[in-house]
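For the protein sequence lines, the chains are A and B, in the order given.
Each residue of the first sequence is one higher than the last, beginning at 6 in our numbering.
Each residue of the second sequence is one higher than the last, beginning at 6 in our numbering.
All C-beta atoms in this analysis are idealised placements derived from N, C-alpha and C, irrespective of residue type, glycine included.
In this text the structure is predicted, and so the values were computed from the model without any measurement.
So the structure is just underneath, and the comments pick up after that.
There are 2 protein chains.
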Amino acid sequence: MTRKKVKLAFISNDSARKATFKKRKKGLMKKVSELSTLCGIESCAIVYSPYESQPDVWPDARGAGRVVAQFKRMPEMEQSKKMVNQESFIRGRIAKAAEQLKKLRKENREKEVTHLMYHCLTGKGGLHGLGLPDLNDVAWMLDYNLKEIYKRIEAIGKDRAAPVAAAAAPEERTQQQQMFSEWMGNPGGDQQMGGEEMIVPFNDGGNQDVSLWSNAFFS
Amino acid sequence: MTRKKVKLAFISNDSARKATFKKRKKGLMKKVSELSTLCGIESCAIVYSPYESQPDVWPDARGAGRVVAQFKRMPEMEQSKKMVNQESFIRGRIAKAAEQLKKLRKENREKEVTHLMYHCLTGKGGLHGLGLPDLNDVAWMLDYNLKEIYKRIEAIGKDRAAPVAAAAAPEERTQQQQMFSEWMGNPGGDQQMGGEEMIVPFNDGGNQDVSLWSNAFFS
DNA sequence: CGTTCTATGTATAAACT
DNA sequence: TAGTTTATACATAGAAC
Numbered sequence: 006m007t008r009k010k011v012k013l014a015f016i017s018n019d020s021a022r023k024a025t026f027k028k029r030k031k032g033l034m035k036k037v038s039e040l041s042t043l044c045g046i047e048s049c050a051i052v053y054s055p056y057e058s059q060p061d062v063w064p065d066a067r068g069a070g071r072v073v074a075q076f077k078r079m080p081e082m083e084q085s086k087k088m089v090n091q092e093s094f095i096r097g098r099i100a101k102a103a104e105q106l107k108k109l110r111k112e113n114r115e116k117e118v119t120h121l122m123y124h125c126l127t128g129k130g131g132l133h134g135l136g137l138p139d140l141n142d143v144a145w146m147l148d149y150n151l152k153e154i155y156k157r158i159e160a161i162g163k164d165r166a167a168p169v170a171a172a173a174a175p176e177e178r179t180q181q182q183q184m185f186s187e188w189m190g191n192p193g194g195d196q197q198m199g200g201e202e203m204i205v206p207f208n209d210g211g212n213q214d215v216s217l218w219s220n221a222f223f224s
Numbered sequence: 006m007t008r009k010k011v012k013l014a015f016i017s018n019d020s021a022r023k024a025t026f027k028k029r030k031k032g033l034m035k036k037v038s039e040l041s042t043l044c045g046i047e048s049c050a051i052v053y054s055p056y057e058s059q060p061d062v063w064p065d066a067r068g069a070g071r072v073v074a075q076f077k078r079m080p081e082m083e084q085s086k087k088m089v090n091q092e093s094f095i096r097g098r099i100a101k102a103a104e105q106l107k108k109l110r111k112e113n114r115e116k117e118v119t120h121l122m123y124h125c126l127t128g129k130g131g132l133h134g135l136g137l138p139d140l141n142d143v144a145w146m147l148d149y150n151l152k153e154i155y156k157r158i159e160a161i162g163k164d165r166a167a168p169v170a171a172a173a174a175p176e177e178r179t180q181q182q183q184m185f186s187e188w189m190g191n192p193g194g195d196q197q198m199g200g201e202e203m204i205v206p207f208n209d210g211g212n213q214d215v216s217l218w219s220n221a222f223f224s
């Protein structure tokens, strides 16, 4: 579990804020210089602080002045075009977060349904307390998996020496068992997004030839 | 071993440079905004690029303009005072690296000498091929360790129930054995600084009550 | 191209000194 | 208050799409 994540908000503790300021200002200046060096472009940064009477600037007064001059020379209209202002910046991050949330909800639903299906298939009761939506999705996933299995069988019939040997090949079994283990410890629904962390144990990226569970579900 | 460390120099490959530029510019803007938010200060960044006709600025044209105005209002003399210009920035990093180098050399020497001493004490030959400097340091370290042992014995005599039970307490033995294991696989002298990495397996920080080897050696 | 993924390197929050 | 150390979070180079 993540333990130390800083909230993106004003640090009320004075000494902590000052410490953070110094560390981050230093890191920022380094980043600016690296960007200029690596990409051969002009840039500058100016940072005011209550701790020092003069602002820290990069690369220096002359360089910053030059960059600033170019900037001010542009018409207001043009400036507004490609500008990254605070609002659009924050909106971008919100949109990104919302997208992540949607994605995680989809994945959680996949896990949930597969978990239900697992309980059902292993005869541990299941099915009786389920509502229509769950039954529907479980049925859908069962159907999908059956189709996948048929495909595999067909493929095996066509070429017995193929690298992908059988639907129950050891490696594949192992992967699925690992997935089930994860679910066992994480049976619930939406708790992934709770609080300050995002855990994504269900990763179906890559190995699409092997996995029977596809991200294409529940679009 | 480190495998991917980017050299701080102009990226000649066009597409790679552009990719890096976009990633880093985005990261830089994020850093600037975080610094302002966390520490409640004013700052701005302006980045020019051949990829876009207009520069990217943060927080926006107005905000940047305000910060810039304050900056330009200062007399040149004052500006130069607390300024972080490129040269001083680089000098700072060089000085820091040199300091690290010195520290690592000292630590390596400690390991080397202790290694020699170990060979000597375990009767694996040793001593015969050594020059005066090595003999001297080995002797010095032996002497120091003996003194430490006497101190411990004395401490034990004064208080047999003390938390630190004996000079040969299990935890201490274990620590030293681990150290010896590391040396076995790393018998040479200065190879720590070779290439792009710095490994510091010999860490005597903390637990100074327990360790017999002190960083105070070889000042 | 732009995206996504993953292994690494870097920044830095906290705890100590 | 400033420097050091350590554990974590974050940035990002490179590869694969």
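- Val143 of chain B carries a helical assignment under DSSP once its states are collapsed to helix, strand and coil.
- Contact with chain B is absent for Ala102 of chain A, since none of that chain's Cβ atoms lies less than 9 Å from the residue's Cβ.
- Between Lys36 of chain A and Gly97 of chain B, the CB-CB gap reaches or exceeds 9 Å.
- Considering only A:Pro60, A:Leu13, A:Ser58, the residue with the shortest C-alpha distance to Ser38 of chain B is A:Leu13.
- For Lys35 of chain A, at least one C-beta of chain B is nearer than 9 Å to its own C-beta.
- Every alpha helix (DSSP H) of 4 residues or more that sits fully in the segment 9–76 of chain A is shown, in chain order, as 19–44.
- For Ile99 of chain B, the nearest beta carbon of chain A is not closer than 9 Å to its own beta carbon.
- Any Cβ of chain A closer than 9 Å to the Cβ of Lys30 of chain B would place that residue at the interface, and such an atom is present.
- Distance check between Trp145 of chain B and each of B:Ser58, B:Gly128, B:Thr119, B:Glu112 places B:Thr119 closest, using alpha-carbon atoms only.
- For Leu106 of chain B, the three-state secondary structure derived from DSSP is helix.
- Here Phe26 of chain B is buried, its C-beta having at least 16 other C-beta atoms within 10 Å.
- Its chain contains Ile16 as the residues whose beta carbon lies nearer than 7 Å to that of Arg22 of chain A, once the 5 sequence neighbours on both sides are disregarded; these appear in chain order.
- Buried is the label assigned to Asn113 of chain A, since at least 16 other Cβ atoms lie within 10 Å of its Cβ.
- For a Cβ distance threshold of 7 Å, nothing in chain B lies close to Leu135 of chain A: the least Cβ distance comes to about 44 Å.
- Here the segment 39–59 of chain A makes contact with the segment 47–60 of chain B; the two share three or more CB pairs at distances below 8 Å.
- Contact of Ser54 of chain A with chain B is assigned, a C-beta pair being separated by under 9 Å.
- Contact between Asp61 of chain A and Lys30 of chain A holds: their C-beta atoms lie close to 6 Å from each other, under 8 Å.
- In this structure, Asp142 of chain B lies away from Leu109 of chain B, with their beta-carbon atoms at least 9 Å apart.
- Around Ser20 of chain B, no beta-carbon contact reaches into chain A at under 9 Å, the shortest distance being about 12 Å.
- With 16 or more neighbouring CB atoms inside 10 Å of its own CB, Glu115 of chain A falls in the buried class.
- Using beta-carbon distances, Thr42 of chain B counts as an interface residue toward chain A, with a partner under 9 Å.
- Contact annotation for Gln75 of chain A against chain B: Tyr53, Pro60 [CB-CB distance below 8 Å, chain order].
- Taking the Cα positions, Ser20 of chain A is about 27 Å away from Ser93 of chain B.
- From the beta-carbon of Leu13 of chain B, the residues of chain A found nearer than 9 Å are Ser38, Glu39, Thr42, Leu43.
- Excluding its 5 nearest sequence neighbours in each direction, Met34 of chain A has C-beta neighbours in its own chain below 6 Å: Trp63, listed in chain order.
- Not flagged as an interface residue toward chain A: Thr119 of chain B, since no C-beta distance is shorter than 9 Å.
- Only buried fits Glu117 of chain B, as 16 or more other CB atoms lie within 10 angstroms of its CB.
- Under a criterion of Cβ atoms nearer than 8 Å, no residue of chain B is adjacent to Ala24 of chain A; the nearest Cβ is some 10 Å distant.
- Distances from the alpha-carbon of Thr42 of chain B to those of A:Val11, A:Gly136, A:Gln75 put A:Val11 closest.
- At least one CB atom of chain B sits nearer than 9 Å to the CB of Ile46 of chain A.
- Just measuring C-alpha positions, the residue of B:Asn150, B:Gly162, B:Glu104, B:Ala24 sitting nearest Leu126 of chain B is B:Asn150.
- Assigned with DSSP and collapsed to three states, Lys163 of chain B falls in helix.
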